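For the sequence shown, my numbering gives the first residue as 213, with consecutive numbering after it.
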Amino acid sequence: MEYTFQQKIAVMRILLDIIHADGIIDARETFFFNKLKEKFELQDEDHELVKSKNSLIALSQIKLLSDEQKADFAGLMSDMIIVDEDINVNEVTIYNIVSEFCGINISFEETTGKEHISVCTRS
213 MEYTFQQKIA VMRILLDIIH ADGIIDARET FFFNKLKEKF ELQDEDHELV KSKNSLIALS
273 QIKLLSDEQK ADFAGLMSDM IIVDEDINVN EVTIYNIVSE FCGINISFEE TTGKEHISVC
333 TRS
(Lines of atoms letter the chains of each structure in order from A and count residues from 1; the text may use other names and numbers.)
(Lines give C-alpha, C1' and ligand atoms only; values in the text may rest on other atoms or scores of the structure.)
Protein backbone atom coordinates (compact mmCIF):
# COMPACT_ATOMS: atom_id res chain seq x y z
CA MET A 1 0.00 0.00 0.00
CA GLU A 2 1.32 3.41 -0.95
CA TYR A 3 1.17 6.36 1.43
CA THR A 4 2.66 9.84 1.23
CA PHE A 5 5.26 10.77 3.83
CA GLN A 6 2.73 12.80 5.85
CA GLN A 7 0.21 9.93 5.70
CA LYS A 8 2.87 7.54 7.01
CA ILE A 9 3.62 9.87 9.91
CA ALA A 10 -0.12 10.16 10.69
CA VAL A 11 -0.61 6.38 10.56
CA MET A 12 2.39 5.78 12.81
CA ARG A 13 1.12 8.43 15.29
CA ILE A 14 -2.17 6.59 15.77
CA LEU A 15 -0.35 3.27 16.08
CA LEU A 16 1.88 4.84 18.74
CA ASP A 17 -1.28 5.93 20.58
CA ILE A 18 -2.48 2.31 20.51
CA ILE A 19 0.87 1.12 21.90
CA HIS A 20 0.56 3.54 24.84
CA ALA A 21 -3.18 2.98 25.43
CA ASP A 22 -2.80 0.17 27.98
CA GLY A 23 0.12 1.75 29.84
CA ILE A 24 2.36 -1.21 28.95
CA ILE A 25 4.86 -1.05 26.11
CA ASP A 26 5.39 -4.67 25.13
CA ALA A 27 8.53 -5.69 23.24
CA ARG A 28 6.34 -7.23 20.51
CA GLU A 29 4.58 -3.89 19.99
CA THR A 30 7.93 -2.11 19.69
CA PHE A 31 9.20 -4.78 17.28
CA PHE A 32 6.08 -4.47 15.10
CA PHE A 33 6.30 -0.66 15.16
CA ASN A 34 9.95 -0.83 14.06
CA LYS A 35 9.09 -3.29 11.26
CA LEU A 36 6.47 -0.81 10.02
CA LYS A 37 9.05 1.99 10.13
CA GLU A 38 11.21 -0.15 7.83
CA LYS A 39 8.27 -1.03 5.57
CA PHE A 40 7.39 2.67 5.28
CA GLU A 41 11.09 3.51 4.73
CA LEU A 42 11.08 5.93 7.67
CA GLN A 43 14.34 6.94 9.28
CA ASP A 44 15.10 6.99 13.00
CA GLU A 45 14.79 10.79 13.02
CA ASP A 46 11.27 10.43 11.58
CA HIS A 47 10.31 8.77 14.89
CA GLU A 48 10.63 12.21 16.51
CA LEU A 49 8.13 13.57 13.96
CA VAL A 50 5.76 10.73 14.83
CA LYS A 51 6.07 11.42 18.56
CA SER A 52 5.54 15.16 18.13
CA LYS A 53 2.61 14.76 15.70
CA ASN A 54 -0.69 15.89 17.19
CA SER A 55 -3.09 12.92 17.23
CA LEU A 56 -6.05 15.06 16.18
CA ILE A 57 -4.17 16.37 13.15
CA ALA A 58 -3.19 12.77 12.35
CA LEU A 59 -6.87 11.80 12.52
CA SER A 60 -7.84 14.57 10.13
CA GLN A 61 -5.21 13.30 7.65
CA ILE A 62 -6.33 9.68 8.00
CA LYS A 63 -9.91 10.76 7.33
CA LEU A 64 -8.73 11.84 3.84
CA LEU A 65 -7.18 8.46 2.95
CA SER A 66 -8.67 6.42 0.13
CA ASP A 67 -11.00 3.55 1.09
CA GLU A 68 -8.24 1.10 0.18
CA GLN A 69 -5.74 2.91 2.42
CA LYS A 70 -8.30 3.03 5.24
CA ALA A 71 -8.84 -0.73 5.00
CA ASP A 72 -5.08 -1.29 5.11
CA PHE A 73 -4.74 1.05 8.08
CA ALA A 74 -7.58 -0.75 9.91
CA GLY A 75 -5.58 -3.95 9.52
CA LEU A 76 -2.46 -2.27 10.90
CA MET A 77 -4.38 -0.99 13.94
CA SER A 78 -5.79 -4.46 14.58
CA ASP A 79 -2.38 -6.06 14.18
CA MET A 80 -0.96 -3.60 16.72
CA ILE A 81 -3.77 -4.38 19.16
CA ILE A 82 -3.20 -8.15 19.06
CA VAL A 83 0.57 -8.32 18.57
CA ASP A 84 1.11 -8.63 22.34
CA GLU A 85 -1.63 -11.31 22.50
CA ASP A 86 -3.73 -9.11 24.76
CA ILE A 87 -6.78 -7.17 23.63
CA ASN A 88 -6.97 -4.09 25.82
CA VAL A 89 -10.24 -2.17 26.11
CA ASN A 90 -8.43 1.17 25.65
CA GLU A 91 -6.75 -0.04 22.46
CA VAL A 92 -10.07 -1.18 21.01
CA THR A 93 -11.63 2.13 22.05
CA ILE A 94 -8.98 3.98 20.03
CA TYR A 95 -9.68 1.69 17.07
CA ASN A 96 -13.40 2.44 17.33
CA ILE A 97 -12.94 6.22 17.68
CA VAL A 98 -10.55 6.36 14.73
CA SER A 99 -12.88 4.21 12.63
CA GLU A 100 -15.95 6.26 13.45
CA PHE A 101 -14.27 9.64 12.89
CA CYS A 102 -12.46 8.60 9.72
CA GLY A 103 -15.28 6.63 8.12
CA ILE A 104 -13.57 3.24 8.33
CA ASN A 105 -16.47 0.82 8.10
CA ILE A 106 -14.57 -2.29 9.16
CA SER A 107 -14.91 -3.51 12.73
CA PHE A 108 -11.95 -4.67 14.81
CA GLU A 109 -13.37 -8.20 14.74
CA GLU A 110 -13.63 -8.16 10.94
CA THR A 111 -10.01 -7.12 10.47
CA THR A 112 -8.65 -9.54 13.04
CA GLY A 113 -10.62 -12.75 12.67
CA LYS A 114 -12.10 -14.91 15.39
CA GLU A 115 -9.18 -17.36 15.43
CA HIS A 116 -6.72 -14.59 16.38
CA ILE A 117 -9.05 -13.02 18.92
CA SER A 118 -9.71 -16.34 20.66
CA VAL A 119 -6.04 -16.81 21.64
CA CYS A 120 -5.70 -13.34 23.15
CA THR A 121 -6.26 -12.39 26.77
CA ARG A 122 -8.52 -9.43 27.59
CA SER A 123 -7.50 -6.49 29.77
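For every residue, glycine included, the Cβ atom is placed at its ideal position computed from N, Cα and C.
Treat the numbers as computed from the prediction; the structure is a model and nothing was measured.
query                                                                                                                                                           : result
Since I believe Lys282 is in contact with Ile316 (beta carbons under 8 Å), could you give me their beta-carbon distance rounded to a whole number of angstroms? : 5 Å
Find out if the Cβ-Cβ distance for the pair Tyr307, Ile230 is shorter than 9 Å.                                                                                 : yes
Less than 8 Å between the CB atoms is what I'm expecting for Thr323 and Ser290, so what's the real figure, rounded?                                             : 4 Å
Count the other CB atoms within 10 Å of the CB of Ala286; is the residue buried (16 or more) or exposed (fewer)?                                                : buried
Would you decide whether Ile221 is buried or exposed? Buried here means 16 or more other CB atoms lie within 10 Å of its CB.                                    : buried
How would you label Glu321, buried or exposed, when you count the other beta carbons within 10 angstroms and need 16 or more for buried?                        : exposed
Specify the secondary structure class of Ile236 as computed by DSSP and reduced to three states.                                                                : coil
Rounded to whole angstroms, what is the Cα-Cα separation between Ala233 and Val304?                                                                             : 9 Å
Span of the alpha helix (DSSP H) holding Cys314?                                                                                                                : Val301 to Cys314
Considering only C-alpha positions, which residue in the set Ile309, Leu228 and Ala270 is nearest to Thr216?                                                    : Ala270
Sorted by chain position, which residues of the same chain lie with C-beta nearer than 8 Å to Ser267's C-beta, five sequence neighbours on each side aside?     : Arg225, Ile226 and Asp229
Let me confirm a value: Ile274 is counted as buried when at least 16 other C-beta atoms fall within 10 Å, else exposed. Which label applies?                    : buried
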